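Heads up: the structure comes next, in structure tokens.
2 protein chains.
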Amino acid sequence: MIVVDRRSVIPVQKQIALQVKKEIILGKLREGDKLPPVRELAQRLGVNVNTVLRALDDLVHEGVLDVQHGKGYFVSKSEILPKELIEELEGIAEKLKSSGVDRSLAMVLLMEVWKGE
Amino acid sequence: MIVVDRRSVIPVQKQIALQVKKEIILGKLREGDKLPPVRELAQRLGVNVNTVLRALDDLVHEGVLDVQHGKGYFVSKSEILPKELIEELEGIAEKLKSSGVDRSLAMVLLMEVWKGE
DNA sequence: CATAGTGTTCTACTACATTATAACACACGT
DNA sequence: ACGTGTGTTATAATGTAGTAGAACACTATG
């Protein structure tokens, strides 16, 4: 399920790109799958077609999607994340919330601990 | 250590606010501690004074900081995060990286798993 | 070859984060 | 009372994300 949060500080364009990648890594979108038409996506998300277009173009440049003029956007590669990792993440999310950490702060902490790359 | 990433899609203003909160929750800034002068912070971070000011004002409104005209900004409340949680986060960060997940995608996954709030 | 479904490009407009610069206001030590 | 260090406010200029709307181009199907 792809959604955008208009209150977020993260540009809608980036949110869409990241959400598509998320769907892929969670295995909900698989190699070869066709994405909905850009106009439909735009309407569903309540954003402009151009915004969707720019998001998907970024993913094409990254090699995640594949586009065919007149046909549509397709998933070109998919690496699925182990389910255990997701569960582990869920556990940590709960603990952080219990400690009074909110979404944004959780992200910063994860980044603080990321190091490298 | 507070830093801003100019390439990030997250507004500098927000980055600064989040970084200060991070320093507090990690225990590096404690209740009553005085922050560096806004001009000094601005120079150190390579941003404009106004930007620092807006970031800190947000934190004042949140009740995290306390400001005294002519004196400075002070930490007004501090809740420190358990060290085990940090270590747990570090562990999962490593695993995610091994699975080819990058910074941005890691954030999206964390948010996906967050639910509620 | 006509039509419907798709992606593509362009231009104009708006909103907002950020910068730059300056002037103003409060606190404290001398 | 002054000067230095601090926060505060205001204005103008710039850059980028996002919107809106239209026209264009490719693909498949009948």
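Protein chains in written order, with the numbering used here: chain A, 1132 to 1248; chain B, 1132 to 1248. Idealized CB from N, CA, C, for every residue including glycine. Just so we're clear, the structure is a prediction, and the values are computed from it rather than from any experiment.
Can Leu1241(A) and Ala1224(B) be called in contact, C-beta distance under 9 Å?
Cβ atoms of Leu1241(A) and Ala1224(B): closer than 9 Å.
Can you pull the chain B neighbours of Ser1209(A), defined as C-beta to C-beta under 7 Å?
What Ser1209(A) touches in chain B: nothing, since even the nearest Cβ is about 11 Å away.
So Leu1172(A) contacts chain B; which residues on that side make the cut at Cβ distance below 7 Å?
Here the premise fails: no neighbours, minimum Cβ distance about 17 Å.
Under DSSP, the beta strand (DSSP E) around Val1206(B) begins and ends at which residues?
Segment Gly1203 to Val1206, the beta strand (DSSP E) holding Val1206(B).
By DSSP's criteria, Val1198(A) is part of a beta bridge. Which residues make up the other side?
According to DSSP, which records beta bridges pairwise, Val1198(A) is partnered with Tyr1204(A).
Using the rule of at least 16 other Cβ atoms within 10 Å of the residue's Cβ for burial, across every protein chain shown, is Lys1159(B) buried or exposed?
Counting Cβ neighbours within 10 Å, Lys1159(B) comes out exposed, since fewer than 16 surround it.
If the cut-off is 8 Å on Cβ atoms, which residues from the segment 1132 to 1158 of chain B count as contacting chain A, listed in chain order?
Against chain A - using a Cβ distance shorter than 8 Å - the residues of the segment 1132 to 1158 of chain B are Val1140, Ile1141, Pro1142, Lys1145, Leu1149, Gln1150, Lys1152, Lys1153, Ile1156 and Leu1157.
Please report whether the beta-carbon of Leu1176(A) lies at a distance below 9 Å from any beta-carbon of chain B.
Cβ-Cβ to chain B under 9 Å: no for Leu1176(A).
Excluding five sequence neighbours on each side, which residues of the same chain lie with their C-beta closer than 6 Å to the C-beta of Lys1165(A)?
Only Gly1203 and Phe1205 meet the Cβ criterion.
Sorted by chain position, which residues of the same chain lie with C-beta nearer than 7 Å to Ser1139(B)'s C-beta, five sequence neighbours on each side aside?
Result list for Ser1139(B): Gln1146, in chain order.
If you measure between the beta carbons of Gln1144(B) and Ile1133(B), is that distance less than 9 Å?
For Gln1144(B) and Ile1133(B), no; Cβs fall outside 9 Å.
Run through the segment 1145 to 1189 of chain A for me and flag every whole alpha helix (DSSP H) of 4 or more residues, listed as ranges in chain order.
Within the segment 1145 to 1189 of chain A, the complete alpha helix (DSSP H) runs of at least 4 residues are 1169 to 1176.
In whole angstroms, what is the alpha-carbon distance linking Asn1179(A) and Pro1167(B)?
Distance between the alpha carbons of Asn1179(A) and Pro1167(B) is about 43 Å.
Rounded to whole angstroms, what's the CA-CA distance from Ile1211(B) to Lys1153(B)? Just pull it up for me.
Cα to Cα, the separation comes out at about 10 Å.
Rounded to whole angstroms, what is the Cα-Cα separation between Gly1222(B) and Asp1136(A)?
For Gly1222(B) and Asp1136(A), the distance between alpha carbons rounds to 29 Å.
Name the two residues that bound the continuous alpha helix (DSSP H) containing Val1239(B).
Note, Val1239(B): alpha helix (DSSP H), Arg1234 to Trp1245.
Please confirm whether Leu1196(B) and Ser1207(B) have their CB atoms less than 9 Å apart.
In this structure, Ser1207(B) lies closer than 9 Å to Leu1196(B) by Cβ.
Taking all protein chains shown into account, do 16 or more other C-beta atoms lie within 10 angstroms of the C-beta of Glu1248(A), making it buried, or fewer, making it exposed?
Result: exposed.
Closer than 6 Å by C-beta to Val1198(B): which residues in its own chain qualify, once you throw out the five before and the five after it? Chain order, please.
These residues qualify, in order along the chain: Val1191 and Tyr1204.
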